[in-house]
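So the structure is just underneath, and the comments pick up after that.
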């Protein structure tokens with residue numbers, strides 16, 4: 022469901038960010054590294070590569086612009102704020118605040134990505 | 227649903243959906259509810275079948291013709307002693323009060339666990355993820371290492387210590403006679419559905435020792451108005467009585483049922499809230515307080531009441547849990563059944579923590595690090611030790627006598643065909 026998509030997204034983006042940090046690599050390399058760790062059984066690795074193809078470039082771009090996982094996942098539509106509700110976030114808010122950060126991130130990612138997410 | 231509408235997948239999908247719902251083994255050719263396959267509710271969950279073609283052969287069955295010709299109950303004891311012509315099952319197991327152990331439980335009983343190395347960048351590797359398919363096929367549960375029915379050496383930290391292993395050590399005739407009938411989200415509200423997957427025949431099987439252990443979901447939910455959705459004591463009583471009535475029609479005479487109370491989940495916040503979650507350990511930026519708040523905000527927390535910064539709410543949740551435990555305690559005192567006796571004991575979380583602290587450990591080390599909610603491998607193992615000792619002290623008849631032929635069984639049958 023939507024909540025689980027949000028949790029999964031925040032988790033995966035956190036891992037990509039931290040893998041890059043631990044291995045002193047780019048985010049793209051970190052994403053490839055993460056997929057390489059997964060077993061081929063049950064098509065887990067294949068699914069990871071497919072998802073990386075769809076979301077990877079946008080996630081990487083946003084992480085490179087120092088957006089945290091909460092902002093990334095709201096920007097690509099996997100986390101959604103309900104009307105009248107606060108932003109659900111795992112990490113402490115950034116200096117610019119969630120609203121500004123998400124608006125800026127949304128500008129960065131093309132509409133096409135949202136369509137991809139919706140289709141998926 | 228899209229994939230499952232394809233004609234060639236429809237039947238398979240329906241079977242998988244049915245089995246997932248019914249908590250029955252996916253691979254079970256003879257339909258006796260026991261399997262040769264480990265995951266998908268196979269022998270990680272209930273004793274391994276030793277013949278998946280004959281429905282009359284499965285763990286827990288009373289031996290047919292003392293198993294002179296074949297091992298009809300899969301306990302690894304069969305054949306005839308050439309020295310005196312007496313069947314081994316008769317010689318070693320007759321009159322030993324052998325029995326099976328069955329858990330009706332929740333995610334704690336099924337042993338829910340997400341390995342921290344799956345979410346910790348510095349510990350990730352191909353090896354760390356090698357158990358991912360198996361974990362998915364077991365619904366992220368690890369019953370094979372659990373405190374009631376665990377039988378394999380733990381590969382997720384800690385060690386395996388279980389009531390089944392204790393019972394098997396006491397009497398090797400109990401080999402493979404275990405069933406873990408648990409599910410994530412299990413509570414008194416759905417136990418009646420769950421208990422229907424229990425495999426026991428009054429006519430053909432040995433008695434069983436059933437443990438009803440739903441330690442939190444009756445007070446745990448993800449709703450913002452969480453108290454409104456908690457089970458009420460009278461509802462708890464009705465639910466459990468219905469389950470016991472059902473068991474009375476299922477269990478062989480001489481069985482036993484142990485009801486355990488709910489845990490006091492204030493333990494979670496008290497020991498974790500200011501510690502770093504595995505996702506926050508690298509940059510020291512995510513504590514369990516943040517993690518709990520994130521899940522609650524998404525209405526995906528397994529337990530809003532106890533995973534809350536609001537002390538009043540945490541206390542209210544514990545108060546309701548105590549009321550529900552009291553309802554179980556009363557029920558154990560007042561209700562009588564023809565085929566089993568009923569006992570009650572508190573969930574021994576406090577004793578587990580004390581035992582762990584005495585050996586130099588800290589309380590937070592007893593909680594699953596990724597979900598910040600479930601008892602972990604160490605807590606499960608110590609819990610089993612404490613429960614076993616209590617039963618031995620207070621209700622020893624439940625466990626049956628110690629089998630005097632234990633060493634002889636080991637000498638003749640070695641590992642009894644393994645698990």
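Residue numbers (the working numbering), protein chains in the order written: chain A, 22 to 141; chain B, 227 to 645.
Ideal placement from N, C-alpha and C gives every residue a C-beta, glycine not left out.
Proximal chain B residues relative to residue i, where beta-carbon distance stays under 9 angstroms
i	result
residue 96 of chain A	Result: empty, since nearest Cβ-Cβ is about 17 angstroms, beyond 9 angstroms.
Buried/exposed call for residue i, threshold 16 Cβ in 10 Å
i	result
residue 48 of chain A	buried
residue 636 of chain B	exposed
residue 206 of chain B	For chain B, the structure presents residues 227 to 645; residue 206 of chain B sits outside this window and is missing.
residue 544 of chain B	buried
residue 646 of chain B	In the structure as shown, chain B starts at 227 and stops at 645, and residue 646 of chain B therefore has no counterpart that could be examined.
residue 510 of chain B	exposed
residue 227 of chain B	Any reading at residue 227 of chain B must be qualified, since the residue scores a pLDDT of 46, below 50, and its modelled position is unreliable; the value itself is stated next. With fewer than 16 other Cβ atoms within 10 Å, it is exposed.
residue 279 of chain B	exposed
residue 380 of chain B	buried
residue 623 of chain B	exposed
residue 532 of chain B	buried
residue 467 of chain B	exposed
residue 64 of chain A	exposed
residue 292 of chain B	buried
residue 442 of chain B	buried
CB contact check: residue i to chain A, cutoff 8 angstroms
i	result
residue 347 of chain B	yes
residue 511 of chain B	yes
residue 494 of chain B	no
residue 633 of chain B	no
residue 359 of chain B	yes
residue 339 of chain B	no
residue 237 of chain B	no
residue 355 of chain B	yes
residue 517 of chain B	yes
residue 246 of chain B	no
residue 211 of chain B	There is simply no residue 211 of chain B to check, as chain B begins at 227 and stops at 645 in what is shown.
residue 227 of chain B	Note on residue 227 of chain B: pLDDT 46, under 50, position unreliable in the model; no value is reported.
residue 362 of chain B	yes
residue 526 of chain B	yes
residue 500 of chain B	no
residue 505 of chain B	yes
Own chain, CB closer than 7 angstroms to residue i, minus 5 neighbours either side, in chain order
i	result
residue 129 of chain A	82, 83 and 86
residue 539 of chain B	531
residue 617 of chain B	624 and 625
Neighbourhood of residue i by C-beta distance below 6 angstroms, restricted to the same chain and skipping five residues each side
i	result
residue 319 of chain B	399
residue 484 of chain B	437 and 569
residue 342 of chain B	504, 595 and 596
residue 610 of chain B	373, 387, 388 and 389
residue 294 of chain B	306 and 313
residue 33 of chain A	none
Distance, residue j Cα to residue i Cα
i	j	result
residue 344 of chain B	residue 581 of chain B	29 angstroms
residue 26 of chain A	residue 548 of chain B	35 angstroms
residue 73 of chain A	residue 45 of chain A	20 angstroms
residue 513 of chain B	residue 112 of chain A	9 angstroms
residue 440 of chain B	residue 409 of chain B	10 angstroms
residue 452 of chain B	residue 362 of chain B	29 angstroms
residue 619 of chain B	residue 249 of chain B	34 angstroms
residue 322 of chain B	residue 629 of chain B	6 angstroms
residue 506 of chain B	residue 35 of chain A	9 angstroms
residue 68 of chain A	residue 101 of chain A	23 angstroms
residue 405 of chain B	residue 300 of chain B	14 angstroms
residue 283 of chain B	residue 427 of chain B	13 angstroms
residue 575 of chain B	residue 631 of chain B	35 angstroms
residue 645 of chain B	residue 232 of chain B	38 angstroms
residue 492 of chain B	residue 43 of chain A	35 angstroms
Neighbour list for residue i in chain A, Cβ cutoff strictly below 9 angstroms
i	result
residue 652 of chain B	Since the first residue shown for chain B is 227 and the last is 645, residue 652 of chain B is missing from the structure and cannot be characterised.
residue 637 of chain B	What residue 637 of chain B touches in chain A: nothing, since even the nearest Cβ is about 41 angstroms away.
Residue-chain proximity (residue i, chain B), Cβ-Cβ < 8 angstroms
i	result
residue 79 of chain A	no
residue 34 of chain A	no
residue 52 of chain A	no
residue 86 of chain A	no
residue 70 of chain A	no
residue 30 of chain A	no
residue 63 of chain A	yes
Chain-ordered chain B contacts of residue i [CB-CB under 8 angstroms]
i	result
residue 40 of chain A	347 and 350
residue 116 of chain A	Within chain B, no residue comes near residue 116 of chain A; the closest Cβ sits about 14 angstroms away, beyond 8 angstroms.
residue 43 of chain A	347, 348 and 508
Sequence-distant residues of the same chain with beta carbon closer than 8 angstroms to residue i, five excluded per side
i	result
residue 556 of chain B	463
residue 527 of chain B	448, 518, 521 and 533
residue 383 of chain B	602, 603 and 604
residue 245 of chain B	251, 252, 266 and 267
Proximal residues of chain A, C-beta to C-beta of residue i below 7 angstroms
i	result
residue 520 of chain B	109, 110 and 111
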